[in-house]
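Q: Pasting a structure here, questions to come.
Residue numbers (our numbering): 2 to 113.
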């Protein structure tokens, strides 16, 4: 056989070997991949993200209230509106059943 023929045979064997290894890797992946587990993980991630977004909303409201109280000349809300907003934030924090949020809201509760 010439050099080209040897190279083609070597290439064919390498491709077969790679294909066999790739096929085995796919079988292992399919065997180890648990769809329900992945769905549950995505749901937990979404719940955590929602909890963080809710915390950010509370923090933003508290920051706005703090600025309004510190700088009354730039007041955007009346005292009554400020009080109502603060009460709503307090109530939402106290009534939240989410464990992660409840644990993380201890800081917000101290500020209130």
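Backbone N, C-alpha and C define an ideal beta-carbon position, used for all residues, glycine too.
Label residue 36 either buried or exposed according to how many other C-beta atoms from any shown protein chain fall within 10 Å of its C-beta, with 16 as the threshold for buried.
A: To locate residue 36, count along the chain shown from 1; it is residue 35. So residue 36 counts as exposed.
Q: Between the C-alpha atoms of residue 1 and residue 32, what's the straight-line distance to the nearest angstrom?
A: Nothing in the structure corresponds to residue 1, since the chain is present only between 2 and 113.
Q: When the distance is taken between beta carbons, is residue 83 closer than 9 Å to residue 94?
A: As a first step, residue 94 is located in the chain shown; it is residue number 93 there, counting from the start. As a first step, residue 83 is located in the chain shown; it is residue number 82 there, counting from the start. Cβ atoms of residue 94 and residue 83: not closer than 9 Å.
Q: Could you please give the first and the last residue of the uninterrupted alpha helix (DSSP H) stretch that includes residue 54?
A: Counted from its first residue, the chain shown places residue 54 at position 53. Looking at the DSSP string, the run of the alpha helix (DSSP H) that includes residue 54 is 36-71.
Q: Please report the distance separating the alpha-carbon of residue 18 from that of residue 47.
A: Counting from 1 along the chain shown, the entry for residue 18 is found at position 17. Counting from 1 along the chain shown, the entry for residue 47 is found at position 46. Whole-angstrom Cα-Cα distance: 41 Å.
Q: Give me the Cα-Cα distance between residue 14 and residue 40, rounded to the nearest whole angstrom.
A: Working through the chain shown from its first residue, we reach residue 14 at position 13. Working through the chain shown from its first residue, we reach residue 40 at position 39. Approximately 40 Å, taken between the alpha carbons.
Q: Report the option in 42, 91, 50, 51 whose CA atom is closest to the CA atom of residue 62.
A: Residue 62 sits at position 61 when you count from the first residue of the chain shown. The candidate whose alpha carbon is nearest that of residue 62 is 91.
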